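The block underneath contains the structure these notes are about, expressed in structure tokens.
In my numbering, the protein residues as written are 90 to 211.
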């Protein structure tokens, strides 16, 4: 599935997986996020951490007449305020998608699927 953008020079097709990977990379770079979780918990296991190559499995993109709704399934670090992490992720993902792709982002919805202890390696 692709998202089509039209301009004076023609059209650009962007795969939804590309958008999902950009969003996933922005999520895991955010403070307080341990990783992405699968959006299909029943099939994939309870709050399984996804590897870098699978970030798209933790992201759902919906196109509503040129405005995107982004659903993100994340795992946060234990002891960190979840509301602050979620707000930070929302603004980071929205900024990155708008800056990188020039898309209109209608909503960024966060679904916290688990809490994990953050390993501190000295």
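Note that the Cβ used here is the ideal one computed from N, Cα and C, for glycine as well.
Only a predicted model underlies this, so the values are computations on that prediction, with no experimental measurement involved.
Discussion item. Only counting the same chain, and skipping five residues up and downstream in sequence, which positions put a Cβ closer than 6 Å to that of residue 207?
Written reply: Taking the chain shown and counting its residues from 1, the one referred to as residue 207 is at position 118. Around residue 207: 166.
Discussion item. Within a Cβ cutoff of 8 Å, which residues of the same chain sit near residue 187, ignoring the five residues on either side of it in sequence?
Written reply: Indexing the chain shown from 1 puts residue 187 at position 98. Around residue 187: 193 and 194.
Worksheet entry | Residues that DSSP places opposite residue 125 in a beta bridge | On the chain shown, position 36 is the one that residue 125 refers to. DSSP output for residue 125 lists 163 as bridge partner(s).
Worksheet item: Residues in its own chain within less than 6 Å of residue 115 by CB, not counting five upstream and five downstream?
Response: Locating residue 115 in the chain shown gives position 26, counting from the first residue. Contacts found: 181, 182 and 185.
Item to complete: Give me the Cα-Cα distance between residue 155 and residue 101, rounded to the nearest whole angstrom.
Response: Residue 155 sits at position 66 when you count from the first residue of the chain shown. Residue 101 sits at position 12 when you count from the first residue of the chain shown. Rounded to whole angstroms, residue 155 to residue 101 spans 13 Å at the Cα level.
Worksheet item: Does the beta-carbon of residue 146 have 16 or more other beta-carbons within 10 angstroms, so that it is buried, or is it exposed?
Response: Numbered from its first residue, the chain shown carries residue 146 at position 57. Under this definition residue 146 is a buried residue.
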